[in-house]
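Residue numbers for the sequence shown follow the numbering used here, so the first one is 391 and each next one is one higher.
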Amino acid sequence: MKRTAALPSRTGQDALVGITIRVDRVEEIGLGRPATADELAALDVRGFVVVPALLSDAEVTSLNTEFERLVAEDPESRRHELGTRRAKGDNDNDVFAVCWRHRVVLDAAVHTLGSTFEVGRVDLRDPSPGHGEQRHHPDHGPTAVPGITATWYLDAFTAANGATRVLPGTHVSGVPWASEIPIPGTEAPIAGEAIAVGPAGSLLLRDARLFHAGGRNSTGGSRRSAFVFYQHDIPDGVTRSA
Ligand SMILES: O=C(O)CCC(=O)C(=O)O
Numbered sequence: 391m392k393r394t395a396a397l398p399s400r401t402g403q404d405a406l407v408g409i410t411i412r413v414d415r416v417e418e419i420g421l422g423r424p425a426t427a428d429e430l431a432a433l434d435v436r437g438f439v440v441v442p443a444l445l446s447d448a449e450v451t452s453l454n455t456e457f458e459r460l461v462a463e464d465p466e467s468r469r470h471e472l473g474t475r476r477a478k479g480d481n482d483n484d485v486f487a488v489c490w491r492h493r494v495v496l497d498a499a500v501h502t503l504g505s506t507f508e509v510g511r512v513d514l515r516d517p518s519p520g521h522g523e524q525r526h527h528p529d530h531g532p533t534a535v536p537g538i539t540a541t542w543y544l545d546a547f548t549a550a551n552g553a554t555r556v557l558p559g560t561h562v563s564g565v566p567w568a569s570e571i572p573i574p575g576t577e578a579p580i581a582g583e584a585i586a587v588g589p590a591g592s593l594l595l596r597d598a599r600l601f602h603a604g605g606r607n608s609t610g611g612s613r614r615s616a617f618v619f620y621q622h623d624i625p626d627g628v629t630r631s632a
């Protein structure tokens with residue numbers, strides 16, 4: 391299902407997948423401050439940037455309340471990925487508006503994708519204690535396509551709780567292994583790897599071609615996040631996980 395409705399209301403209608411956004415509506419629908427030139431340059435050069443504490447404490451609290459509600463209501467929430475809690479939020483849920491309509495993210499999407507692109511639903515993920523490590527992967531299928539992934543930190547992301555691991559520059563260079571082949575040492579740092587730490591409310595902006603992996607949550611607490619994908623054409627019903 392494709393929609394061209396950037397400001398849906400909460401109506402209980404079908405889930406919105408692949409909402410089309412045009413550049414001339416970004417100013418109107420955008421929430422918060424614009425992206426800076428330095429943030430967009432980091433995205434170009436390294437393939438990612440962490441913007442610390444972009445959300446207020448109140449926004450993080452509301453998002454976590456919604457996170458817990460959706461996970462509790464979804465009987466499949468623990469079956470999508472072993473050792474994680476996962477669920478999806480709808481774009482017409484007002485609480486999630488800040489995740490997919492934040493101006494920093496929309497500016498990054500325009501920067502990478504041009505004048506028209508789509509945004510997907512809001513994915514929620516929380517690796518349980520002792521779980522969460524993934525293989526490095528990009529956020530596209532077998533064929534590399536441009537995109538932006540926005541990860542919102544709903545808890546502080548630390549090296550101990552499995553903050554996202556990224557391989558800077560691999561959005562351009564690729565990696566010497568194929569994306570679906572398990573690599574040795576997934577839990578050990580790989581040369582050149584960066585760990586995208588930040589306080590709750592931070593944003594990790596990634597070029598979707600960047601190789602990255604969720605880390606293992608070695609603490610007893612949660613490591614909740616909400617992420618949103620922007621591409622020219624988001625396949626309906628797509629499930630992305632390593
Ligand atoms: O949660 C993370 O740090 C990364 C998650 C991810 O890349 C995925 O589930 O595909």
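Even for Gly, the Cβ is constructed at its ideal location relative to N, Cα and C.
Open item on the list: Rounding to the nearest angstrom, what Cα-Cα distance links residue 551 and residue 469 in this structure?
Closed with: 21 Å
Open item on the list: Given this structure, state the Cα-to-Cα distance separating residue 624 from residue 496, to the nearest angstrom.
Closed with: 16 Å
Task: Beta-carbon proximity of residue 517 to residue 613, cut-off 7 Å - done: yes
Task: Opposing strand residues paired with residue 633 [DSSP bridges] - done: Coverage of the chain is limited to positions 391 through 632, which leaves residue 633 absent and any answer about it impossible.
Open item on the list: Would the stretch 594-609 count as touching the stretch 433-443 if we require 3 or more Cβ pairs under 8 Å?
Closed with: yes
- [ ] Would you tell me roughly how many angstroms separate the C-alpha atoms of residue 462 and residue 548, rounded to the nearest one?
- [x] 25 Å
Open item on the list: Helix, strand or coil, according to DSSP, for residue 405 in the structure here?
Closed with: Its pLDDT being 41, under 50, residue 405 is placed unreliably in this model, and the value from its coordinates should be taken loosely. Coil, per DSSP.
Task: Alpha-carbon spacing of residue 428 relative to residue 617, whole angstroms - done: 22 Å
Task: Where the alpha helix (DSSP H) containing residue 457 begins and where it ends - done: 447-463
Open item on the list: Tell me whether residue 554, by its Cβ, gets closer than 6 Å to a heavy atom of ligand 1.
Closed with: yes
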